[in-house]
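Below: one structure, written as structure tokens.
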Ligand SMILES: Cc1ncc(COP(=O)(O)O)c(C=O)c1O
């Protein structure tokens, strides 16, 4: 509140304000990287990150089939081509062992999307990228504070994108950030978010950018949240462990597996239902909704998105793990204000819903 009042008192309410720079610096320092470029949302951050990495017309970008549409949109808007890789069944992240088969002479980048709070297995991905001279973009929208082998997600590839939407671990209401150690990429990102104004001649433009700027008001929220990020991650991990313990006693339910090399942050408390239960995620959500428990479905694979298929993308492609988890996966109540007794209530409701047996609702 105090920081917001300061914005209003000093008149710095647009994007030209000290909290924008402070939020960028705080985020970069937290990740152990050099530059942050705040933007208006995570989708814009992804597009800006791809632009910063030099991705453009006709370039192929490898990305998971199991992700939000923002990833494909970011590539398509720059004239690039999304190329999909299936998920692996334990963490639901991109199956890194399947990337090499998707490389062509036009491949320029790999977008690693850390799914639902768990990192992608980055070492083999980075090694492959090095060998083929590919840029690595991390979509870190769901992993504020998560670690891969002791290093923070968002500081593992060439450039990363964060979202600060209201359901994220750090939020500014709407917001996003591009982070990178590379000063050239940071400069390109700053240019793209601000209509590609040239520093030498303000109203002369030689590239197309956008107004993707974040306001000082939003950044003030971000600065205040950065003081508490470790506390937020601890809450997520404590409640996540409670959910996992409770769910492990139920047959036919699987949680995201935390790999020994990962410190996940349980952005969402996710479950996958064994198809042998005869119960889809939609049916379980229906049963829980009747008890006043709101859940959300998993992503639908990019190759199954009507808007992309109608445009001729991914015709005839199949990604079986993605297809299964899109139908059998859901996330349970996951807000930061959830109490332990509310988690126990949800666990009891899930157990009762399973006891009711197979069915469509
Ligand atoms: C993995 C991932 N990438 C990108 C985004 C897009 O972020 P935003 O909603 O801020 O545009 C999201 C949003 O939830 C996301 O989960």
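Numbering (my numbering), first residue to last: 7 to 367.
Here a beta-carbon is modelled for each residue, glycine too, at the ideal position from N, C-alpha and C.
Going by other Cβ atoms of all chains shown within 10 Å of its Cβ, with 16 needed for buried, is residue i buried or exposed?
| i | result |
| --- | --- |
| residue 366 | exposed |
| residue 125 | buried |
| residue 47 | buried |
| residue 356 | buried |
| residue 58 | buried |
| residue 151 | buried |
| residue 129 | exposed |
| residue 14 | exposed |
| residue 209 | exposed |
| residue 211 | exposed |
| residue 86 | buried |
| residue 101 | buried |
| residue 255 | exposed |
| residue 20 | exposed |
| residue 341 | exposed |
| residue 76 | buried |
| residue 246 | buried |
| residue 354 | exposed |
| residue 279 | buried |
| residue 49 | buried |
| residue 223 | buried |
| residue 174 | buried |
| residue 30 | buried |
Since I believe residue j is in contact with residue i (beta carbons under 8 Å), could you give me their beta-carbon distance rounded to a whole number of angstroms?
| i | j | result |
| --- | --- | --- |
| residue 66 | residue 97 | Contact flag wrong, Cβ pair sits at about 24 Å. |
| residue 250 | residue 336 | 15 Å between Cβ atoms; not a contact. |
| residue 170 | residue 156 | So it is not a contact: roughly 24 Å between Cβ atoms. |
| residue 92 | residue 325 | 4 Å |
| residue 229 | residue 9 | 6 Å |
| residue 339 | residue 352 | 6 Å |
| residue 178 | residue 132 | 30 Å between Cβ atoms; not a contact. |
| residue 258 | residue 243 | Contact doesn't hold; Cβ gap of about 25 Å is too wide. |
| residue 23 | residue 225 | 7 Å |
| residue 45 | residue 183 | 7 Å |
| residue 232 | residue 176 | 7 Å |
| residue 34 | residue 185 | 6 Å |
| residue 323 | residue 90 | 7 Å |
| residue 154 | residue 267 | 6 Å |
From this set, the options, which residue's C-alpha is nearest residue i's C-alpha?
| i | options | result |
| --- | --- | --- |
| residue 69 | 224, 242, 135 and 15 | 135 |
| residue 315 | 17, 88, 209 and 24 | 88 |
| residue 62 | 305, 227 and 82 | 82 |
| residue 94 | 311, 86 and 105 | 105 |
| residue 110 | 139, 333 and 328 | 139 |
| residue 300 | 289, 309 and 306 | 289 |
| residue 127 | 158, 107 and 108 | 158 |
| residue 73 | 213, 190, 18 and 331 | 331 |
| residue 252 | 329, 358, 322 and 173 | 358 |
| residue 263 | 77, 49 and 123 | 123 |
| residue 327 | 319, 308, 362 and 241 | 308 |
| residue 362 | 285, 215 and 27 | 285 |
| residue 287 | 116, 334, 168 and 202 | 334 |
| residue 168 | 214, 117, 203 and 137 | 117 |
| residue 119 | 27, 99 and 137 | 99 |
In the DSSP output, which residue or residues are listed as bridge partners for residue i?
| i | result |
| --- | --- |
| residue 268 | 154 |
| residue 100 | 93 |
| residue 186 | 41 and 165 |
| residue 69 | 90 |
| residue 261 | 277 |
| residue 303 | 336 |
| residue 232 | None; residue 232 has no bridge partner. |
| residue 117 | 143 |
| residue 171 | 179 |
| residue 219 | 45 |
| residue 123 | Residue 123 is not bridged to any residue. |
If contact is defined by three or more beta carbon pairs under 8 Å, each pair taking one atom from either stretch, is the region 41-54 in contact with the region 190-205?
yes
Three or more C-beta pairs closer than 8 Å, one from the region 160-180 and one from the region 134-152: is that the case here?
yes
Would you check if the region 34-47 and the region 265-274 touch, i.e. whether three or more CB-CB distances between them fall below 8 Å?
no
Counting Cβ pairs closer than 8 Å, one from the region 230-243 and one from the region 212-221, do we hit at least three?
no
Given 8 Å, three or more beta-carbon pairs between the region 341-349 and the region 280-293:
no
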